[in-house]
Structures are given as structure tokens and as C-alpha cells.
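Sequence order for the protein chains is U and E.
Our numbering numbers the first residue of the first sequence as 10 and each following residue consecutively.
Our numbering numbers the first residue of the second sequence as 11 and each following residue consecutively.
Glycine included, each C-beta is placed from N, C-alpha and C at the ideal position.
Take a look at the structure set out below.
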Amino acid sequence: MNRFAYREAQTVQEAVEMMRQEEGARIVAGATDVLIRWRQGGWKPRYVLNIKRIAGLDEVGYSPHSGLSLGTLVTIRTLERHPLIQEHYPALAQAATAFAGVQIRNLATVGGNVCNASPAGDTLPALLAYGAECRIAGPEGERLVPLEQFCLGPGHTALQPAELLVALRLPPPPPRAGALYIKHSPRSTMDIATVSVASVVTLAEQSGVCQEVRIALGAVAPTVVRATAAETFLRGQSVDAERLQQAAHTAAQTAHPIDDIRGTAAHRRAVVAPLVQRTLHYAVQMAQGTRLPFQMQRGLAVEAIF
Amino acid sequence: MPHPLSLTINGEPYTLLVEPYCSLLDMLRDQLQLTGTKKGCDEGDCGACTVLMNGKTVTSCMVLALDARDQEIITVEGLRQGNTLHPVQAAFVQYGGVQCGFCTPGLIMSGVGLLLENPQPTEEEVRFAIGGNLCRCTGYSKVVQAILKAAETMQAQAS
Chain U
10 MNRFAYREAQ
20 TVQEAVEMMR
30 QEEGARIVAG
40 ATDVLIRWRQ
50 GGWKPRYVLN
60 IKRIAGLDEV
70 GYSPHSGLSL
80 GTLVTIRTLE
90 RHPLIQEHYP
100 ALAQAATAFA
110 GVQIRNLATV
120 GGNVCNASPA
130 GDTLPALLAY
140 GAECRIAGPE
150 GERLVPLEQF
160 CLGPGHTALQ
170 PAELLVALRL
180 PPPPPRAGAL
190 YIKHSPRSTM
200 DIATVSVASV
210 VTLAEQSGVC
220 QEVRIALGAV
230 APTVVRATAA
240 ETFLRGQSVD
250 AERLQQAAHT
260 AAQTAHPIDD
270 IRGTAAHRRA
280 VVAPLVQRTL
290 HYAVQMAQGT
300 RLPFQMQRGL
310 AVEAIF
Chain E
11 MPHPLSLTIN
21 GEPYTLLVEP
31 YCSLLDMLRD
41 QLQLTGTKKG
51 CDEGDCGACT
61 VLMNGKTVTS
71 CMVLALDARD
81 QEIITVEGLR
91 QGNTLHPVQA
101 AFVQYGGVQC
111 GFCTPGLIMS
121 GVGLLLENPQ
131 PTEEEVRFAI
141 GGNLCRCTGY
151 SKVVQAILKA
161 AETMQAQAS
């Protein structure tokens with residue numbers, strides 16, 4: 010294990026300036042990924058740059074017109090418990106309940122989970138399904154990058170040297186929408202997804218057909234991916250059980266999983282369709298007005314053997 | 011190079027010198043001899059090192075000691091009032107929530123953290139709250155029972 014130095018930034022500008030002047034930084038906030046990678050010898054930072062003291066980056070902002078804004082330091086625990094997130098972005102709150110255990114959720118930040126860019130990251134399918142954008146600060150100022158273009162591969166992001174993710178923005182939730190995240194893993198807590206799925210469905214006011222749908226798949230490709238063919242198949246169509254089933258099978262074609270310690274490619278391919286089908290089923294129910302208490306949503310979100 | 015660090019642990023102010031890569035857990039155990047907090051996996055998976063930081067449970071192996079600056083830390087050593095055990099500690103003794111004891115400080119801290127947020131949890135909520143604590147002896151039943159009984163005791167004391 011290398012011995013790193015420690016720096017702290019009080020403002021975003023200060024953080025950017027430090028990284029610009031001195032290479033070899035590893036940004037820490039919750040530190041729950043950084044310390045593990047460092048102890049395993051995978052990451053050897055010259056210094057860690059603690060951004061946790063930057064004021065304002067832990068704020069949650071919501072309005073029906075502008076949608077949701079999450080500072081990069083918002084904890085997973087806040088995503089899990091925030092009443093407005095539970096109400097308007099339920100798949101994000103569900104995903105947060107499926108994330109590690111309480112002690113890690115109290116530390117881990119949404120920005121860290123995004124920047125870690127793991128295809129199995131719990132918040133990513135929900136963020137992708139809700140159309141999140143990443144607000145990035147850097148030496149040239151700020152820029153916005155859609156989440157789809159932010160995660161480039163396991164651990165690889167679109168962040169350039171001396172850049173920092175400062176916030177995530179989610180568009181306003183459409184009316185008559187429903188959403189479900191399901192994480193499939195051996196253990197119900199403290200585990201990493203073998204496969205995960207988030208679906209957000211919006212229904213048309215009069216006809217009740219599928220107006221808009223987004224299906225995001227986790228841990229079946231180098232990044233979290235959208236099942237666009239399945240989305241196209243559903244859009245504008247009625248949401249009967251048979252069509253949802255067909256959409257789920259279409260979505261499974263998007264999956265290109267690998268064999269790893271958490272499951273075989275064949276196992277992953279086999280569970281994608283039923284998971285997608287289930288997320289669509291409940292998302293449609295919620296969009297049709299069925300009220301599912303959050304406790305029940307939490308139970309649906311975690312599909313584990315133990 | 012060590013950095014100065016000031017924080018509050020179990021109600022007492024401390025100022026000490028800490029290396030950048032030292033975890034809160036190693037600082038508590040090795041510099042302050044507060045060895046009640048256990049080191050199990052050192053990667054945030056087992057919950058044996060759980061402490062309260064500003065009233066919230068955290069795995070102290072996953073916290074840089076320097077990041078705890080100006081924070082209030084409570085460890086298992088800080089729970090008792092004089093010679094009286096905290097109700098959660100007392101319930102673990104009374105209902106047999108302890109076997110080998112290694113996970114016990116972490117489980118007690120998770121129980122205390124839960125009851126701070128939710129004084130009347132259901133059994134499901136207790137199980138959900140201790141999901142980040144591994145115990146290989148008890149099978150959790152007695153642990154869950156102890157936390158539920160502690161909740162009752164604390165409710166009775168408060169009223």
C-alpha cells in the first residue's frame with residue numbers, strides 16, 4: 010500500500026485548481042470505494058483530495074418544473090429516505106435501499122457511485138432510466154454530459170484531468186408514471202448486483218397506452234445500458250401482459266454479460282427477461298394509480314436468495 | 011506526514027496527530043486503545059467496526075480518520091451511563107444476543123443507531139437495519155429480540 014498525502018478543498022474552484030497543479034489525485038467523499046481499492050493495491054494515489062467539506066454539494070433540490078438536482082455529496086441514505094425522491098423518483102429510492110448496508114449508505118455518495126462507473130452500481134440503472142445528466146466542473150468551466158455518455162466502461166468516465174462531478178440533474182417526473190428497480194443478488198444486503206434492472210413507464214392520459222418507457226440494465230455489459238429496442242417496441246402500444254413479456258425478451262437481447270465471480274453469462278442472460286418483465290409489470294401498476302407502500306417497493310427491489 | 015486532528019469521542023474532546031491513510035478504526039484502536047470497536051474485514055462488509063458519527067452508524071474502517079475532523083464519534087465504550095449499561099447493551103446480555111462476542115459491539119452500535127432514528131421498529135425494520143452486520147454464531151434471532159426488547163425498555167423509560 011502506498012502512503013498518500015491528504016488535501017482538502019473548501020470550494021469547487023479550489024478542488025479543480027489543486028488537481029490542475031498537482032497530478033495523482035484521487036477524489037474522496039464517502040471513501041467507501043477508494044479505501045478498498047487502495048488497500049487492495051489497485052489504486053495508488055499520490056494524494057487524496059477530500060471534497061466532503063465543500064459547502065452546498067450535499068443538497069437535494071426539487072421543483073415540479075426543473076426536476077431533481079442532487080449534489081455530488083448527497084448520500085445514498087438520503088436518496089433512500091428523502092420523501093420527495095420516494096414520491097417522484099421511486100426507482101432511485103428503491104435502488105438506494107438495495108445498496109450495501111446502512112453504515113455504508115450513511116457514507117457513500119451518489120457522485121461516488123456514478124464516478125466509480127461500475128456496471129453493477131446500484132444507483133446507475135435508476136439514474137439512467139430517469140434521464141440523469143452530469144454537471145461537471147473543470148479548468149474550462151462547467152459542462153453537462155448525459156449519464157449515458159459519462160460512463161464509458163468499468164471504472165472509466167468522461168471526466169478529463171482536473172475535472173470533478175459536482176451534481177446530477179434529473180428531468181421533472183412525468184405524470185402517470187411508475188417505476189421499479191430490481192437487484193438480483195445472492196444476499197439481500199452487502200452484496201453487489203448479479204443483474205439489475207430499472208424501468209420507468211409513463212402512460213397516456215386517455216388511452217392508457219405506453220407513452221414513454223425507459224429500461225436500464227445493470228451488470229450485463231461494460232456499462233449500464235438502456236434496452237432501446239424494447240423501449241421502441243413498447244412505446245405507443247397497450248401495456249397488456251403479453252406485450253410486456255415480449256418487451257422483456259427483446260430487452261434480454263441487449264444484454265451482453267460476462268462470466269465472473271458473481272455469476273455466469275448464461276445465468277445473467279436467463280434472469281434479464283424475468284426481471285425486466287417484473288419491473289415493467291409493477292411500473293405499469295404504479296402508473297395506473299396503484300399505490301405501493303415504500304416498504305413493499307423495497308421488498309420488490311431486492312431479489313435475493315438469502 | 012501526519013496532520014493534526016480534533017474531534018469528540020464519547021463526549022471528550024481529543025486532539026492528535028494522524029497519518030493521511032489512517033482509518034478512523036485504526037486510530038480508535040491503535041492510537042487511543044479503544045479496542046471495543048472490532049476490526050473484521052477492513053473493507054466495509056462485516057460491520058464489526060460500526061460506530062456512530064454524528065448520530066449515524068458508519069463502518070469506521072471506511073472513514074479516513076482525518077475526515078472525522080470536528081465530528082462526534084460514539085463507540086461502544088461510550089454507551090454506558092456511569093455503571094449502568096445502555097438498554098441495548100443490557101438487552102444483549104439478558105436475551106443472549108452475545109456468543110463469541112466479536113460482532114457484538116458493531117451490532118450494538120447498529121441497534122443504538124436504529125433506535126435513534128426509529129424508536130419503535132418492527133422486526134423487519136430491525137433485520138433491515140442490521141443487514142450490514144455479520145454474525146456467525148447467533149443466527150441473529152436473539153440479536154433481533156434484544157434490539158426489540160431494548161426499544162420497549164427505552165420507550166418505557168421515556169414515558
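Taking the Cα of V108 of chain E as reference, the smallest distance to any Cα among E:L89, E:R137, E:D55, E:C145 is reached at E:C145. In this structure, L174 of chain U places its C-beta atom within 9 Å of the C-beta atom of C124 of chain U.
About 5 Å separates the Cβ atoms of V229 of chain U and R277 of chain U, confirming a contact at the 8 Å cut-off. The DSSP-derived three-state label of A105 of chain U is helix. Using a Cβ-Cβ cut-off of 9 Å, G123 of chain E counts as an interface residue toward chain U, since at least one Cβ of chain U sits closer than that to its own. When Cβ-Cβ separations below 9 Å define contact, P131 of chain E makes no contact with chain U.
Unbroken beta strand (DSSP E) stretches of 3 residues or longer found wholly inside the segment 18-51 of chain U: 34-37, given in chain order.
Chain-ordered, the chain U residues with CB closer than 7 Å to the CB of L76 of chain E read Y15.
Pairwise C-beta distances place the segment 174-187 of chain U in contact with the segment 208-222 of chain U, as three or more of them are shorter than 8 Å. Inter-residue distance for N93 of chain E and D200 of chain U is about 39 Å (C-alpha atoms, whole angstroms). Across the segment 36-58 of chain E, CB contacts with chain U closer than 7 Å involve D52, E53, G54, D55, G57, in sequence order along the chain.
Residue state for R55 of chain U is assigned as coil, using DSSP reduced to three classes.
For P163 of chain U, the three-state secondary structure derived from DSSP is coil.
Listed along the chain, the chain E residues whose CB falls inside 8 Å of the CB of R12 of chain U are E29, P30, Y31. For the segment 102-115 of chain U, the residues whose beta carbon sits under 9 Å from a beta carbon of chain E are, in order, T106, A109, G110, V111, Q112, I113, R114, N115. When Cβ-Cβ separations below 9 Å define contact, V57 of chain U makes contact with chain E. Taking the Cα positions, L133 of chain U is about 8 Å away from N122 of chain U.
Within the segment 62-74 of chain U, the residues whose Cβ lies closer than 9 Å to some Cβ of chain E are R62, listed in chain order. The alpha-carbon separation between R62 of chain U and Q103 of chain U amounts to approximately 28 Å.
Between I191 of chain U and D131 of chain U, the C-beta spacing is not below 9 Å. Within chain E, the residues placing a beta-carbon under 8 Å from that of S197 of chain U are G141, ordered along the chain. Under the three-state reduction of DSSP output, L42 of chain E falls in the coil class, being neither helix nor strand. Contact annotation for V73 of chain E against chain U: A40, L116 [CB-CB distance below 8 Å, chain order]. Here DSSP, grouped into helix, strand and coil, assigns C110 of chain E to coil.
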